[in-house]
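Residue numbers (the working numbering), protein chains in the order written: chain A, 8 to 338; chain B, 576 to 1039.
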Amino acid sequence: MSWAQIIPLIFMGLLGFALFVYVVLDGFDLGVGMLMHRANTEERNTMVASIGPFWDANETWLVLGIGILLIAFPKANSIILGNLYIPVAFMLIGLIMRGVAFDFRVKARLEHQLGWNYVFIIGSGLASATQGWMLGRYVTGFAEGWQFTLFALAIALAVPATYTLLGACWLLLKTEGELQAKATRWAKIAWVPVVLGMILISLATPWVSTVVRDRWFALPQIIGLLPIPLATGAALIALRWILNSPRVRADLCWLPFVLLIGSLVMGALGLAYSLYPYAVIGQMTVWDAASSTEALNVILIGAAVAIPAIFGYTIFAFWVFRGKVRELTYG
Amino acid sequence: MDALILSRIQFALNMSFHILFPTISIALCWVLLFFRHRWVKTREQSWLTAYRFWTKVFALTFALGVVSGITMSFQFGTNWPGYMERVGNIAGPLLGYEVLTAFFLEATFLGVMLFGHNRVSERVHLFATFMVAFGTTLSAFWILALNSWMQTPQGYWVDPQGIYHVASWIEVIFNPSFPYRFVHMVTASFLTVAFLLCGLSAWQVIKKTADEATPKVLKTGLILAAILIPIQIFVGDQHGLNTLHHQPEKIAAIEGIWHTEKGAPLLAFAWPNKDTQTNDYAIEIPKGASLILTHELNGELKGLNEFEVHPPVAPLFFGFRIMVAVGMLMLAASWFGVYQLRRTKGDVLKFPRYFLYGLASMTFAGWLATLAGWYVTEIGRQPWIVHGLIKLSEIVTHTPPANIAFTLTMYVVVYLALIISYVGVLKYMAEHPKKTEAEPTAESGEAIAIVANEAIDSTSGEQK
Chain A
8 MSWAQIIPLI
18 FMGLLGFALF
28 VYVVLDGFDL
38 GVGMLMHRAN
48 TEERNTMVAS
58 IGPFWDANET
68 WLVLGIGILL
78 IAFPKANSII
88 LGNLYIPVAF
98 MLIGLIMRGV
108 AFDFRVKARL
118 EHQLGWNYVF
128 IIGSGLASAT
138 QGWMLGRYVT
148 GFAEGWQFTL
158 FALAIALAVP
168 ATYTLLGACW
178 LLLKTEGELQ
188 AKATRWAKIA
198 WVPVVLGMIL
208 ISLATPWVST
218 VVRDRWFALP
228 QIIGLLPIPL
238 ATGAALIALR
248 WILNSPRVRA
258 DLCWLPFVLL
268 IGSLVMGALG
278 LAYSLYPYAV
288 IGQMTVWDAA
298 SSTEALNVIL
308 IGAAVAIPAI
318 FGYTIFAFWV
328 FRGKVRELTY
338 G
Chain B
576 MDALILSRIQ
586 FALNMSFHIL
596 FPTISIALCW
606 VLLFFRHRWV
616 KTREQSWLTA
626 YRFWTKVFAL
636 TFALGVVSGI
646 TMSFQFGTNW
656 PGYMERVGNI
666 AGPLLGYEVL
676 TAFFLEATFL
686 GVMLFGHNRV
696 SERVHLFATF
706 MVAFGTTLSA
716 FWILALNSWM
726 QTPQGYWVDP
736 QGIYHVASWI
746 EVIFNPSFPY
756 RFVHMVTASF
766 LTVAFLLCGL
776 SAWQVIKKTA
786 DEATPKVLKT
796 GLILAAILIP
806 IQIFVGDQHG
816 LNTLHHQPEK
826 IAAIEGIWHT
836 EKGAPLLAFA
846 WPNKDTQTND
856 YAIEIPKGAS
866 LILTHELNGE
876 LKGLNEFEVH
886 PPVAPLFFGF
896 RIMVAVGMLM
906 LAASWFGVYQ
916 LRRTKGDVLK
926 FPRYFLYGLA
936 SMTFAGWLAT
946 LAGWYVTEIG
956 RQPWIVHGLI
966 KLSEIVTHTP
976 PANIAFTLTM
986 YVVVYLALII
996 SYVGVLKYMA
1006 EHPKKTEAEP
1016 TAESGEAIAI
1026 VANEAIDSTS
1036 GEQK
């Protein structure tokens, strides 16, 4: 393979990586947002405090992801965003509602604060559901038909469930006492639709997409690929099992979050394998969609320097706010 | 209406809404760094109070800037897909570098800056604040480099498919209008913040909610504005000369010059008439435009008749005059304010009532001038997306117009609600400066300890 063929793959990898980091990081704070409708005022404040210092940087990964799509794969970007015009708009409205409610909910006059809480909750739900819908549409290559609509709808429910579980696991890690006990219960409830959703999607994806079917169900690949579903299943079962242990509210409070991220990594690998080498499944490969090699070279140099630096100060920020959540005050 | 006009309206709406918030956050963060630094140096409680209050304003502004910025990044793809296909090799790396070098920097350190004050040392906190300020400015650098390139493109070559490639990055980034545009925008940001500081502080004095920080904030705002506004007028003039050189049709539209003439008058007011190609009801200063733009009384200025395509005249003509008028008002207000500071020896409570009301009414004067200025420069590029090279109609989406009409309506409603909320909350905060804490205090033990420490610190500070 020549460099001109390799560099689009590097950027596809970066794109997938940015979107994966986005799903994990903004996933937990969108999940915390959706869970807020089950919490009382004091718990809501603690929940927002647990994500307050991070949400902004978390959302930047979405900007990086969409930026790479726009910059490195302009032709795929036109097709994808052209097909997703309306759901993108709804997602943006959701992200706008949520992002501003973060600040308005404590600064507005008292009688408006309750309203901003609902804006926060609804915005989180809307952003999560539209992301699921878009994923569903994208995976099927924007095919038309009732079964594809049904499929996209199923993912539009599965993604918020996954984010909710992520959010509950995050709260297990970051909170104590009554709220932590609630988070354990929330995690148990959210676990069921997450598992159902994953099974459904694993069955439905090859059913709605011949490309994916041919890719997975052929010897000898299927043997090499088996570890992916097996590891996902094992991680999810371990997660559910550990939720029953009292240690999940003590020294193992980090474990459910890590196990869930592990299963998401497996899911992402499976998805990457299904899609490769397409930028738009069945229509356009990454090489057809890519920008010129020299432009990609220029960005790659920057990315090679900037991304380790981003990692460095992201870890620094998470380290500064390590441990159980404390109340937030500007100082 | 077709997709082109709807997309243009939607983009203009998104841009106008978005620009309001970076215009504040770019400079406000440097002002916060100044407040925080004063607190560290002097231990005067008032600097910390000022820092706390304006941090809330900053956090709110930043959040609105982030969410509307994400919308902007999607707009390129949803409404102008041809843009990246044609000039992606140039615009892509510039936008990419903005995200990689600036966005993550400001967003990540923002958390530490806002909430990390009792988790990190004072030095690290100052560093985090500096990184946020640096990040916002760096962000402006990349965006203005790209915007300026679209106005005065150079350093590129075009292949037979009409795709643009980079010949020299130095020439692309440091294109002829970039230095003027960058300095003009950053200065505009500082002026906007200066009048925001003055306006909210004046409102606090009027509403009798002023605290120990108010005089310091008002003084900072007035002095900042008084120093910067003459500089801004000079920079703006230089920017105008640069535009005359590279985009003469824009200047012709701004000055309402329909036909090439020598000794062109400066129009203080007029009603440009598209049909007759003349200006009705003109109040003019003879030879003024020629004098300003060519530094000769009878200098020749090219008229719109010389250009095959040119921007619409009325929005540029009026936009420019609104910007200049607000600038003049800023000059008068800030210099009069400095005189008042001397007269009252810095006691802002003794400022004349009419002047306080005047400052309060100018709280968002910077927004007005900045928006007017951006309209002049961006509408002035029409019908081009890249001046002289690519027209907007070549890059627009094929999305059904009904979809765009739907999203446009949605954005109008949401943005209207947000702008009302934003201004409303700022007003509420100014009227209740002590009540609006960052988060309601659930467990106040720690907070009380901090307050007590600060009280001790501030008294010991005063004793020194």
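Ideal Cβ positions, reconstructed from N, Cα and C, are used throughout, including at glycine.
Option in the options with minimal Cα separation from residue i
i	options	result
Val988/B	Tyr92/A, Ser57/A and Ile100/A	Ile100/A
Thr938/B	Leu797/B, Ser643/B, Thr624/B and Val687/B	Leu797/B
Ser743/B	Glu334/A, Val305/A and Trp223/A	Val305/A
Gly1059/B	Val888/B, Ala682/B and Arg698/B	Absent from the model: residue 1059/B. The displayed extent of chain B is 576 to 1039, so no value can be given.
Val55/A	Ala96/A, Val113/A, Leu232/A and Ala83/A	Val113/A
Phe757/B	Thr712/B, Leu964/B and Trp605/B	Thr712/B
Ala168/A	Gly319/A, Gly132/A and Leu250/A	Gly132/A
Ala1005/B	Arg613/B, Gln620/B, Leu872/B and Lys631/B	Lys631/B
Lys825/B	Phe633/B, Ile954/B, His692/B and Ile994/B	Ile954/B
Ile58/A	Arg256/A, Gly174/A and Pro227/A	Gly174/A
Glu871/B	Gly667/B, Thr617/B, Gly838/B and Leu816/B	Gly838/B
Tyr626/B	Thr952/B, Ala788/B and Leu967/B	Ala788/B
Per-residue DSSP class, three states only, for residue i
i	result
Asn65/A	helix
His814/B	helix
Ala1027/B	In this prediction, Ala1027/B has a pLDDT of 40, which is less than 50 and means its spatial position is unreliable; nothing more can be read from the coordinates.
Glu836/B	strand
Asn589/B	helix
Lys825/B	helix
Leu841/B	strand
Pro263/A	helix
Asn84/A	helix
Thr598/B	helix
Lys195/A	helix
Ile306/A	helix
Glu1014/B	Summary for Glu1014/B: the model assigns pLDDT 40, below 50, so the residue's position carries little reliability; its value from the coordinates is reported in the next sentence. In the structure shown, Glu1014/B sits in coil (DSSP, three-state: anything other than H, G, I, E or B).
Leu76/A	helix
Glu746/B	helix
Buried versus exposed, by CB contacts within 10 Å (16 or more), residue i
i	result
Glu1018/B	Any answer about Glu1018/B is weak, because its pLDDT of 35 lies below 50 and its placement is not dependable; what the coordinates show is given next. Counting Cβ neighbours within 10 Å, Glu1018/B comes out exposed, since fewer than 16 surround it.
Ala977/B	exposed
Ser696/B	exposed
Ala225/A	exposed
Glu881/B	exposed
Tyr929/B	exposed
Gln779/B	buried
Ser252/A	exposed
Val761/B	buried
Glu301/A	exposed
Arg5/A	Absent from the structure is residue 5/A, since the part of chain A shown begins at 8 and ends at 338.
Trp198/A	buried
Lys189/A	buried
His692/B	buried
Ala1013/B	In this prediction, Ala1013/B has a pLDDT of 42, which is less than 50 and means its spatial position is unreliable; what the coordinates show is noted afterwards. Answer is buried; the Cβ neighbour count reaches 16.
Gly122/A	exposed
Limits of the unbroken beta strand (DSSP E) element including residue i
i	result
Phe17/A	Before going on, a small fix: residue 17/A reads as Ile here, not Phe. Run containing Ile17/A: none in the beta strand (DSSP E); it sits in the alpha helix (DSSP H), Trp10 to Leu42.
Glu859/B	Thr853 to Ile860
Ile738/B	Per DSSP, Ile738/B belongs to no beta strand (DSSP E) and is neither H nor E.
Trp732/B	Tyr731 to Val733
Limits of the unbroken alpha helix (DSSP H) element including residue i
i	result
Tyr145/A	Leu117 to Val146
Glu953/B	Ala940 to Ile954
Tyr990/B	Pro976 to Glu1006
His759/B	Phe753 to Ile781
Ile288/A	Neither: Ile288/A is in no alpha helix (DSSP H) and is coded neither H nor E.
Trp153/A	Trp153 to Lys181
Val899/B	Val888 to Arg918
Residue i: CB within 7 Å of a non-hydrogen atom of the ligand FMN
i	result
Leu282/A	The ligand content of the structure shown is nil, which means the ligand FMN is not present either.
Any 3 or more C-beta pairs closer than 8 Å across the stretch 873-883 of chain B and the stretch 913-923 of chain B: The stretch 873-883 of chain B vs the stretch 913-923 of chain B: no contact.
contact_flag[the stretch 632-646 of chain B, the stretch 951-962 of chain B] where n(CB pairs < 8 Å) is 3 or more: no
Three or more C-beta pairs below 8 Å linking the stretch 908-915 of chain B and the stretch 783-798 of chain B: In short, these stretches touch, since the Cβ pair count reaches three.
Contact the stretch 691-705 of chain B vs the stretch 722-729 of chain B: 3+ CB pairs below 8 Å: no
Stretch-stretch touch, CB-based, cutoff 8 Å, three pairs: the stretch 34-44 of chain A with the stretch 125-141 of chain A: Taking 8 Å as the limit for Cβ pairs, the verdict is that the stretch 125-141 of chain A does touch the stretch 34-44 of chain A.
Cβ pair count under 8 Å reaching 3, the stretch 594-602 of chain B against the stretch 734-741 of chain B: no
Given 8 Å, three or more beta-carbon pairs between the stretch 665-682 of chain B and the stretch 991-1002 of chain B: no
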